[in-house]
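First comes the structure, then the notes that go with it.
Residue numbers (our numbering): 4 to 259.
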């Protein structure tokens, strides 16, 4: 639990954190979001940072929102492997739907509430509201995990399970294609801090720590991990690092 918040020094689960950054900056908000992800993952976090014409049917949304929703419609109408998921994710971060401070939990709970309402009362209005929410966050992996979870628990016909399974796989693939995570130059590019631990899990590595770094206007989260299959000369697992470029998150934060 969060405790002892004083300025930007606090403790989580008896681990002490000191965030040295401008309290009013987007970076400060991002670091708090990053902290929450680290707390859920149970890993220590080290921070060293200083502040630095609408388509038909979308008449009530901005042009960026409408452009993104059009891409979502195309993605749902075609084979997921034929979709440019990088383009879709790039469009998503420019919409009003995107939360640069870490929207994974908010997306899950909002969809969970809407989904259970559909199960309890499957009216046209409730189904439409659930699908609209899914569409808004179609480029975020958490939306698809929630839809899959809802189907697994209820077998509701409102959810096309295979559609969301394919979309989830393609989002993972699109992130993996951005780099190899072995250095700042080849860091995986993410749009939510929660994507970092998700990617780490796909390698079956064990997270042991987390650090935020910046240099010349570039920003990274660095996950410290152990690969049980890589042992040192002493026969023990060797600590390694995986880099994630979070420029998109902080650039979006600066525009909010």
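Virtual Cβ for every residue (Gly too), placed ideally from N, Cα, C.
May I have the straight-line CA-CA distance separating residue i from residue j, to the nearest angstrom?
| i | j | result |
| --- | --- | --- |
| residue 68 | residue 94 | 8 angstroms |
| residue 189 | residue 121 | 43 angstroms |
| residue 223 | residue 125 | 44 angstroms |
| residue 86 | residue 111 | 24 angstroms |
| residue 70 | residue 231 | 44 angstroms |
| residue 176 | residue 197 | 16 angstroms |
| residue 213 | residue 194 | 17 angstroms |
| residue 173 | residue 104 | 23 angstroms |
| residue 187 | residue 88 | 23 angstroms |
| residue 248 | residue 192 | 5 angstroms |
| residue 113 | residue 145 | 11 angstroms |
| residue 178 | residue 134 | 24 angstroms |
| residue 216 | residue 148 | 30 angstroms |
| residue 240 | residue 208 | 11 angstroms |
| residue 91 | residue 76 | 11 angstroms |
| residue 161 | residue 218 | 46 angstroms |
| residue 158 | residue 206 | 30 angstroms |
| residue 229 | residue 255 | 32 angstroms |
| residue 251 | residue 136 | 22 angstroms |
| residue 200 | residue 238 | 26 angstroms |
| residue 180 | residue 79 | 22 angstroms |
| residue 183 | residue 243 | 13 angstroms |
| residue 202 | residue 155 | 23 angstroms |
Helix, strand or coil for residue i, going by three-state DSSP, please let me know.
| i | result |
| --- | --- |
| residue 72 | helix |
| residue 206 | coil |
| residue 185 | coil |
| residue 251 | helix |
| residue 97 | coil |
| residue 180 | coil |
| residue 155 | helix |
| residue 169 | helix |
| residue 174 | helix |
| residue 241 | strand |
Are residue i and residue j close, meaning C-beta to C-beta below 9 angstroms?
| i | j | result |
| --- | --- | --- |
| residue 171 | residue 140 | no |
| residue 167 | residue 150 | yes |
| residue 74 | residue 119 | no |
| residue 107 | residue 117 | no |
| residue 210 | residue 226 | yes |
| residue 138 | residue 72 | yes |
| residue 185 | residue 246 | yes |
In chain order, what are the residue ranges of uninterrupted beta strand (DSSP E) at least 3 long that sit wholly in the region 101 to 151? none
For the region 209 to 235, list the beta strand (DSSP E) runs that are entirely contained and at least 3 residues long, ordered along the chain. 209 to 218 and 221 to 234
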